[in-house]
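**Q** In our numbering, the protein residues as written are 2 to 430.
Below is the structure I would like to discuss, written out as structure tokens.
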Ligand SMILES: *Cc1c(COP(=O)(O)O)cnc(C)c1O
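Structure (structure tokens):
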């Protein structure tokens, strides 16, 4: 993608651009980012007045669309009273209401909410909880984790250790961080028997297992069935390995149920939540533990407490936004909308399947994916989508969509239409 014609970018962009470092970007060659000046509903408004339909909802956070008046109103009220206060020794209604409401919504047994500030940190906290669970119970040596190929759990060091380093974007760090067991998701009966004997062999060194239920997101939007998820849950329990569900991506309706674990009718020992928690407005996350995990920390010995405490944990503004987001899930037919989106995307993206270079087309909940044999012309693809008036950001070997749940049928048709048209051109290049 070439830079835009000189003089068309706002001054703040040209002046500030040399001083920022973008995520996952080769700064030597990456094109300058698009200047966004406002958001509304499904739309991003650019500095030059153009509007793009956001097909990925800001990394699948903005589930109710941008600037939803109910969430904005709740945040404005909270902003005037108390934007932030520390959570050590103090508490406030937004956080305690949110903790109560989350535990009521989550699968049974997940009753103890630890707030933090990002998805990666919620995974770090889950890993620490699992490690210390065994330490507190006087069991030595259970210090490693099992995770799955194509898995992604965040960019901090502990979270990175349970990502698929081999296939993933953290490859340069291999050999420099804790080596965990990264295994295939057991999708067949034989694989499950193998997975069970693997856990049995290593259980004395394993603290827990981490999985993205039903959809592995940043590792390529790969889907697995509820039967596989349920089997992994059962095998973990049989081997007394703590089961950590990373629902940072899948939580809050993205796969069609409020939480992906519901589809397999399972209850994890620990669950991680973030991304759509605040409806895409603030960085906030939660690690929620079962009674069993929580009780291992209860003791007269202060050393058995969970030693973690992010400065901005349970930020009241974020909690107010999250409570407002939960109101919307209660009041509005979001999950019905997600079911309709799945049907629409599955059908509308189907023509891509016949294109040369396309490996697979799939949809689950509000996630639509076209997987390619190999990514080619990535910058061209990204530019063409912008020309089509949509914001889509292919990566790895996929072109994917995770639109806001409030997307109108005609907007969704514009998104899927752009994917079909642009990939048609791409296939002929
Ligand atoms: C995005 C994501 C994370 C990391 O969350 P951050 O807020 O970016 O730190 C962890 N796990 C999954 C499944 C995610 O999708």
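Backbone N, C-alpha and C fix where the C-beta goes; we use that ideal spot for every residue, glycine too.
In whole angstroms, give me the CA-to-CA distance for residue 342 and residue 260.
**A** Residue mapping note: residue 342 aligns to position 341 of the chain shown, counting from 1. Residue mapping note: residue 260 aligns to position 259 of the chain shown, counting from 1. The straight-line gap from Cα to Cα measures roughly 17 Å.
**Q** May I ask you to check if the CB of residue 171 is nearer than 7 Å to at least one heavy atom of ligand 1?
**A** Counted from its first residue, the chain shown places residue 171 at position 170. Not so, every heavy atom of ligand 1 lies at least 7 Å from the Cβ.
**Q** According to DSSP, is residue 193 helix, strand or coil?
**A** As a first step, residue 193 must be located in the chain shown, where it is residue number 192. The answer is helix: DSSP assigns residue 193 an H, G or I state.
**Q** Whole angstroms are fine: how far does the CA of residue 322 sit from the CA of residue 181?
**A** If you number the chain shown from 1, residue 181 lands on position 180. If you number the chain shown from 1, residue 322 lands on position 321. Using only the alpha carbons, I get a separation of about 36 Å.
**Q** Which of helix, strand or coil does DSSP assign to residue 316?
**A** For the purposes of this step, residue 316 is taken as residue 315 along the chain shown, with counting starting at 1. Reduced to three states, the DSSP call for residue 316 is coil.
**Q** Could you work out which residue in 220, 157 and 110 is closest to residue 174 when comparing CA atoms only?
**A** Residue numbering aside, residue 174 sits at position 173 when the chain shown is read from its first letter. The residue with the shortest Cα to Cα distance from residue 174 is 157.
**Q** Do you know how far the Cα of residue 291 is from the Cα of residue 431?
**A** Nothing can be reported for residue 431, as the shown portion of the chain is limited to 2 through 430.
**Q** Within 10 angstroms of the Cβ of residue 232, are there 16 or more other Cβ atoms? Answer buried if so, exposed if not.
**A** Here residue 232 refers to the residue found at position 231 of the chain shown. Buried, since its Cβ has 16 or more Cβ neighbours within 10 Å.
**Q** Pick out the complete alpha helix (DSSP H) segments inside the segment 43-118, 4 residues or longer, and give them in chain order.
**A** Runs of the alpha helix (DSSP H) inside the segment 43-118: 58-61, 70-82 and 94-106.
**Q** Would the beta-carbon of residue 134 be found less than 7 Å away from any heavy atom of ligand 1?
**A** Stepping through the chain shown from its first residue, residue 134 is reached at position 133. It does not: the Cβ of residue 134 is nowhere closer than 7 Å to a heavy atom of ligand 1.
**Q** Look at the alpha carbon of residue 275 and the alpha carbon of residue 179, and state the distance between them as a whole number of angstroms.
**A** Taking the first residue of the chain shown as 1, we reach residue 275 at position 274. Taking the first residue of the chain shown as 1, we reach residue 179 at position 178. In a straight line, the C-alpha of residue 275 is about 24 Å away from that of residue 179.
**Q** Any heavy atom of ligand 1 within a distance shorter than 7 Å of the CB on residue 218?
**A** Along the chain shown, read from residue 1 onward, the residue named residue 218 stands at position 217. Yes, the Cβ of residue 218 comes within 7 Å of a heavy atom of ligand 1.
**Q** Counting only the same chain and skipping the five closest in sequence on each side, list residues whose C-beta sits under 8 Å from that of residue 153.
**A** Within the chain shown, residue 153 is the residue found at index 152, counting from 1. Taken in chain order, the residues that qualify are 164, 165, 169, 213, 217, 218, 219 and 220.
**Q** So which residues touch the region around ligand 1, with touch meaning a C-beta under 7 Å from any heavy atom?
**A** So the residues near ligand 1 by this Cβ test are 60, 119, 120, 121, 122, 124, 153, 154, 155, 156, 160, 213, 218, 219, 247, 249, 250, 273, 275, 276, 284 and 286.
**Q** What residues match up with residue 247 in a beta bridge as DSSP calls it?
**A** Here residue 247 refers to the residue found at position 246 of the chain shown. Answer is 273, bridged to residue 247.
**Q** Rounding to the nearest angstrom, what Cα-Cα distance links residue 12 and residue 43 in this structure?
**A** Locating residue 12 in the chain shown gives position 11, counting from the first residue. Locating residue 43 in the chain shown gives position 42, counting from the first residue. About 26 Å.
**Q** Name the one or two DSSP bridge partners that residue 372 has.
**A** If you number the chain shown from 1, residue 372 lands on position 371. Residue 372 pairs with 361 and 399.
**Q** Could you check the C-alpha separation between residue 353 and residue 294 for me, to the nearest Å?
**A** Walking along the chain shown from the start, residue 353 turns up at place 352. Walking along the chain shown from the start, residue 294 turns up at place 293. About 46 Å.
**Q** If you drop the 5 nearest sequence neighbours on each side, which residues of the same chain put their C-beta closer than 6 Å to that of residue 1?
**A** Since the first and last residues shown for the chain are 2 and 430, residue 1 lies out of range.
**Q** I think residue 312 touches residue 58, with their Cβ atoms under 8 Å apart; what is that distance to the nearest whole Å?
**A** Along the chain shown, one-based indexing puts residue 312 at 311. Along the chain shown, one-based indexing puts residue 58 at 57. Contact doesn't hold; Cβ gap of about 28 Å is too wide.
**Q** If we ignore side chains and look at the alpha-carbon of each, how far apart do residue 277 and residue 249 end up?
**A** To locate residue 277, count along the chain shown from 1; it is residue 276. To locate residue 249, count along the chain shown from 1; it is residue 248. Between residue 277 and residue 249, the C-alpha separation is close to 8 Å.
**Q** Kindly identify the DSSP beta-bridge partner or partners of residue 210.
**A** Against the chain shown, residue 210 aligns to sequence position 209. Paired residues: 147 and 244.
**Q** With distances taken Cα to Cα, identify the nearest neighbour of residue 81 among 417, 318 and 159.
**A** Residue 81 sits at position 80 when you count from the first residue of the chain shown. The shortest Cα separation from residue 81 among 417, 318 and 159 belongs to 318.
**Q** Can you list, in chain order, the residues of its chain whose CB lies under 6 Å from that of residue 270, leaving out five sequence neighbours each side?
**A** To locate residue 270, count along the chain shown from 1; it is residue 269. The answer, listed in chain order, is 243, 244, 291 and 294.
**Q** With which residues is residue 40 paired in a DSSP beta bridge?
**A** Taking the chain shown and counting its residues from 1, one reaches residue 40 at position 39. Note: residue 40 sits in a beta bridge opposite 45.
**Q** With a threshold of 16 other CB atoms inside 10 Å of the CB of residue 75, please say whether the residue is buried or exposed.
**A** Numbered from its first residue, the chain shown carries residue 75 at position 74. Burial call: buried.
**Q** Considering only the beta carbon of each residue, do residue 130 and residue 251 sit closer than 8 Å?
**A** Taking the chain shown and counting its residues from 1, the one referred to as residue 130 is at position 129. Taking the chain shown and counting its residues from 1, the one referred to as residue 251 is at position 250. Contact: no.
**Q** Would you call the segment 24-41 in contact with the segment 404-413, where contact means no fewer than 3 C-beta pairs closer than 8 Å?
**A** These segments do not touch.
**Q** What's the gap between the Cα of residue 325 and the Cα of residue 71?
**A** Here residue 325 refers to the residue found at position 324 when the chain shown is read from its first residue. Here residue 71 refers to the residue found at position 70 when the chain shown is read from its first residue. In a straight line, the C-alpha of residue 325 is about 6 Å away from that of residue 71.
**Q** Return the CA-CA distance between residue 141 and residue 305, expressed in angstroms with no decimal places.
**A** The count along the chain shown starts at 1 and reaches residue 141 at position 140. The count along the chain shown starts at 1 and reaches residue 305 at position 304. Whole-angstrom Cα-Cα distance: 15 Å.
**Q** When burial is assigned at 16 or more other CB atoms within 10 Å of the CB, is residue 125 buried or exposed?
**A** The residue given as residue 125 occupies position 124 in the chain shown. Burial call: buried.
**Q** Is DSSP giving residue 294 helix, strand or coil here?
**A** Taking the chain shown and counting its residues from 1, the one referred to as residue 294 is at position 293. Helix, per DSSP.
**Q** Please report the Cβ distance between residue 146 and residue 208, rounded to the nearest whole angstrom; I am assuming they are in contact, meaning their Cβ atoms lie under 8 Å.
**A** Within the chain shown, the letter at position 145 stands for residue 146. Within the chain shown, the letter at position 207 stands for residue 208. The pair is a contact, with the Cβ atoms about 6 Å apart (cut-off 8 Å).
**Q** I'd like to know if the segment 46-56 and the segment 388-396 are in contact, where contact means that at least 3 CB-CB pairs between them fall below 8 Å.
**A** As far as the Cβ criterion goes, the segment 46-56 touches the segment 388-396, which means the pair count is three or higher.
**Q** Decide if residue 177 is buried, meaning its Cβ has at least 16 other Cβ atoms within 10 Å, or exposed.
**A** Within the chain shown, the letter at position 176 stands for residue 177. So residue 177 ends up on the exposed side.
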